[in-house]
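Under the working numbering, the residues of the sequence shown are numbered 39 to 248, in order.
The beta carbon of each residue, even a glycine, is placed where N, CA and C say it ideally should be.
Working notes, beginning with the structure itself.
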Amino acid sequence: MAPSIEPIRVLTVDDHPLMREGIAAVLGEQPDIAPVGEAADGWQGIQAFERLRPDVTLMDIQMPVMDGLEALSRLRTLSPGAKVIVLTTFKADEQAWQALKLGAAGYLLKTQLRTELLEAIRAVHRGTRWIPNEVAQEIAAHAGAERLSSREIEVLERIAQGHSNREIGGLLSLSEDTIKARVKTILAKLDARDRTHAVVLALKRGLLRL
């Protein structure tokens, strides 16, 4: 008699109950995959991971209490061999780059769950990294671009909120001339035409979350 094969044990961390239920329903129909637990935020996800020790963890990026990137970082510290597939609505290259840098084994768009979720789980469990073509293209398109500093992102966040250079300077305790110089640098790094275009590009690439 052929030896029985243990199913791939999967933990789903997502703040939307319907998303968790839908994933569990799909996984439950597979003979080689078993949903073993759910969590509604990153902190709960870490606790569930410690308790269940799943083979693969599906981790949403945008969640309350603790987001997916922070939870991923803590999970990888807790268990360097943890296999995590990051789930997101956006193909923003900055989020993908950050997730992969933190040790994610895969990056999956929620629009692809119906067609690629099962294949992604099996691939990651085998030790293969899973990155959708469009996400890989986004990362490659900006691979050589100079990244914004944390201070430049702060300035960009204030721009997105509608503040003038003078107002931003007051909020950040910097001179108006310093803010003008930083805005010029931001536009150059993002290859943006103006302040509004810079905000649009930053949102698309996952540098800002409004």
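Only residues of its own chain outside the window of five on either side were considered, and among them 46, 48, 121, 123, 159, 162, 163 have a CB closer than 7 Å to the CB of residue 94, listed in chain order.
Counting every other CB atom within 10 Å of its CB across the protein chains shown gives residue 166 a total below 16, marking it as exposed. For the 8 Å CB-CB criterion, residue 96 and residue 50 form a contact.
Counting only unbroken stretches of 4 or more residues, the alpha helix (DSSP H) elements lying wholly within the region 122-176 are 131-139, 151-164, in sequence order. Taking the C-beta atoms as reference points, residue 228 is found no nearer than 8 Å to residue 198. Residue 53 carries a coil assignment under DSSP once its states are collapsed to helix, strand and coil. Contact check for residue 141 against residue 185 fails: the beta carbons are separated by 8 Å or more. Sequence-distant partners of residue 170 (beyond 5 residues in either direction) whose C-beta falls short of 8 Å from its own C-beta, in its chain, are 129, 145, 146, 147, 150, 154.
Of the residues 211, 134, 106, the one whose Cα lies closest to the Cα of residue 53 is 106. Under the 10 Å beta carbon count, residue 127 is surrounded by fewer than 16 other beta carbons and is classified as exposed.
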